[in-house]
Every structure is written in structure tokens, then in C-alpha cells.
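Here the structure is laid out as C-alpha cells; the discussion comes afterwards.
Residue numbers (our numbering): 1318 to 1603.
Written out as C-alpha cells, the structure reads:
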């Protein structure tokens, strides 16, 4: 691949993906609604809700990493969030189909399972939560991610496009862990104590870009451990005592959202970073 387009290139994740792509020798173009001083590549200001602009911006690229989206059901009317996220996703895939671009990586979300933003909290059917678990969102953001995943499946059927949707857990940068209330287990119950270090999220994007696979695939991207200092069995016994279907034995602080599929599909070694390592490094520095 020669030229990679990254939508949302000026954002927290997109800017770091661009930097890593450039280190690998790729020519990169950033597509975003504003210019950013975070990136050092060609930038195109584009409204992803305007199909003509999207086609023009993507002309000449070999692959796409689509990360642009409103990242939560907050700050905007829910109708706007849903329309923005789904229409921009459709436009990117439709433009890729028109232009003959065969590889697209899509940013999806663990929120599609429904736990993170549920107005009526509910428990998973089983642990660990894998890609076969029902997706049951109660709000616009999680629903928009499901729609984009189904849209990707349609484009694969229509044109043979290879699309992998990365269901990211909460993305955390190395300088952010110290601000999280990790010792208060109830704080992150709604996201099943799942997270992904931004460095691992970047690596997952690049692994998806280079992976040899067929179809439209949706995979969890989450750390190997929980965002808690408690044992996983203790978390489950305390907060989810009624979930009896445990499909993997837990003996330490293992994640309860599975990342096994992303490792297999992408032939990727998996996440390398943990909040616990960052905490230990901080103690050592002090």
C-alpha cells in the first residue's frame, strides 16, 4: 500500500495512527473537518456528510482507516449523532466502492453491546463477552456502530471489499491512568472494566490494515486485563452474581471482554500495555 487516508486524522487516536503509518513508510492523507497541528502530512478539510467531498478527498488512496465520529451519546442531539455517524460511515464505504478501494478499517465500539450507556442497566448473558454476544444498545451511539458494521457487510457482498471494524474499549493514553479512579471498582462497571491503551489501539489499526482476511469482520479491541485492582472473580461475584455462564476460567485480573478473535483474525500478538505497568513505572520514577 502506498497512500492511506485516515478520517478523523486530527483526533486523539487518528493523529497517532498517522504518525505510526509514516514511520512505516506510508504516504498519509488526513481527512477532518478542521486542520490540525497534531499531524505532519497532507490534510484535507472535508465534511464526511457530503458524499461529493468524500469521493474527492479519497481519490487516489489505496486504503482507508475511518476513525471520524462523534464518540459518545453526549453534547449533541441524539438524532444528529446517529445521522452523522451512520451517514459518514456509509459515504466512506460508498466512495471506496466507487473508487475501487478494497481495504477499509472502521472504528467501531464496545458500546455496541449496550452496557456502557444503558438507561436501564443489564447484565451480560455470559463472560467473557465475545463478538457473538448480542448487541443491545439503548441509545444512538451504540446503534450507529451496529449500523456501520452491517453497512460494511453489505459492501463486502456487493464489491468484495475487505472491511474490519474494531470494537474499541475506552481508549486511554499513558498519561491519563493516574486520573482514573481504578481503586473504586463501581466506577467502571458500566464498561465491564475494559479499556485499551492508545498505543495498542494504534497497533490494532495498523495490524488490521495489513491483515490478509476476507469479508467484513467485527472484533473487540481491549486490554488483556481489567481496569481494576481487584481479582476478576471478585468483580464478577460482587457486581454480576447472577451471571453463571462463565466460558473461561478466571484466576487473576483477566479481562472479561474477550480479545481472542482480534489476535487470530489479524495475526496480531495483542495488547502490550497495562495500566498496572504504568502505575509501577510512576512509582519507580517517584
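Just so it is clear, CB atoms sit at the ideal spot from N, CA and C, and this is done for glycine as well.
On the DSSP bridge list, what partners appear for residue i?
{"i": "residue 1324", "result": "1348 and 1383"}
{"i": "residue 1359", "result": "1346"}
{"i": "residue 1533", "result": "1480"}
{"i": "residue 1424", "result": "1483"}
{"i": "residue 1399", "result": "Answer by DSSP bridge pairing: none, since residue 1399 is not bridged."}
{"i": "residue 1444", "result": "1563"}
Check whether the Cβ atoms of residue i and residue j lie closer than 7 Å to each other.
{"i": "residue 1511", "j": "residue 1539", "result": "yes"}
{"i": "residue 1458", "j": "residue 1389", "result": "yes"}
{"i": "residue 1279", "j": "residue 1560", "result": "No statement about residue 1279 is possible, as the shown extent of the chain runs from 1318 to 1603 and does not include it."}
{"i": "residue 1669", "j": "residue 1384", "result": "The structure shown does not extend to residue 1669, since the chain spans only 1318 to 1603, so no value can be given for it."}
{"i": "residue 1582", "j": "residue 1530", "result": "yes"}
{"i": "residue 1332", "j": "residue 1359", "result": "no"}
{"i": "residue 1533", "j": "residue 1470", "result": "yes"}
{"i": "residue 1347", "j": "residue 1326", "result": "yes"}
{"i": "residue 1413", "j": "residue 1422", "result": "no"}
{"i": "residue 1482", "j": "residue 1535", "result": "yes"}
{"i": "residue 1484", "j": "residue 1537", "result": "yes"}
{"i": "residue 1345", "j": "residue 1335", "result": "yes"}
{"i": "residue 1543", "j": "residue 1564", "result": "no"}
{"i": "residue 1513", "j": "residue 1486", "result": "yes"}
Using CA coordinates, which residue listed in the options is at the minimum distance from residue i?
{"i": "residue 1363", "options": "1375, 1369 and 1350", "result": "1350"}
{"i": "residue 1541", "options": "1352, 1567 and 1533", "result": "1567"}
{"i": "residue 1426", "options": "1488, 1442, 1544 and 1411", "result": "1488"}
{"i": "residue 1408", "options": "1392, 1437 and 1472", "result": "1472"}
{"i": "residue 1558", "options": "1344, 1495 and 1443", "result": "1443"}
{"i": "residue 1578", "options": "1446, 1373, 1339 and 1410", "result": "1446"}
{"i": "residue 1403", "options": "1391, 1386 and 1394", "result": "1386"}
{"i": "residue 1490", "options": "1479, 1341 and 1592", "result": "1592"}
{"i": "residue 1406", "options": "1480, 1395 and 1474", "result": "1480"}
{"i": "residue 1607", "options": "1365, 1438 and 1337", "result": "Any property of residue 1607 remains undetermined from this structure, which presents the chain solely from 1318 to 1603."}
{"i": "residue 1492", "options": "1595, 1343, 1373 and 1498", "result": "1595"}
{"i": "residue 1410", "options": "1395, 1478, 1352 and 1394", "result": "1478"}
{"i": "residue 1438", "options": "1509, 1395 and 1547", "result": "1509"}
Would you be able to state if there are at least three C-beta pairs under 8 Å between the segment 1320-1327 and the segment 1367-1381? Touching, per the Cβ criterion.
4 or more residues per run - each alpha helix (DSSP H) lying fully within the segment 1446-1490: Listed in chain order, the alpha helix (DSSP H) runs fully inside the segment 1446-1490 are 1457-1476, counting runs of at least 4 residues.
With three or more C-beta pairs closer than 8 Å as the rule, is the segment 1568-1588 touching the segment 1517-1526? Yes, the segment 1517-1526 is in contact with the segment 1568-1588.
Inter-stretch contact at 8 Å, needing at least 3 Cβ pairs: the segment 1551-1567 / the segment 1522-1531: Cβ pair count under 8 Å is below three, so no.
Do three or more CB pairs link the segment 1415-1422 to the segment 1441-1457 at distances below 8 Å? Taking 8 Å as the limit for Cβ pairs, the verdict is that the segment 1441-1457 does not touch the segment 1415-1422.
So, do the segment 1526-1536 and the segment 1496-1512 have three or more beta carbon pairs nearer to each other than 8 Å? The segment 1526-1536 vs the segment 1496-1512: no contact.
Taking contact to mean 3 or more Cβ pairs, one atom from each stretch, closer than 8 Å, check whether the segment 1573-1583 and the segment 1459-1474 are in contact. Too few Cβ pairs lie closer than 8 Å, so no.
Could you tell me which uninterrupted alpha helix (DSSP H) segments, each at least 4 residues in length, are contained entirely in the segment 1497-1543, listed from first to last along the chain? Entirely contained in the segment 1497-1543, the alpha helix (DSSP H) runs reaching 4 residues are, in chain order, 1515-1527.
At a cut of 8 Å, does the segment 1368-1375 reach the segment 1425-1432 through at least three beta carbon pairs? Contact between the segment 1368-1375 and the segment 1425-1432 is absent, because fewer than three Cβ pairs lie under 8 Å.
Note down, one range per segment and in chain order, each alpha helix (DSSP H) of at least 4 residues found wholly within the segment 1544-1585. Whole alpha helix (DSSP H) segments, 4+ residues: 1549-1556 and 1577-1583.
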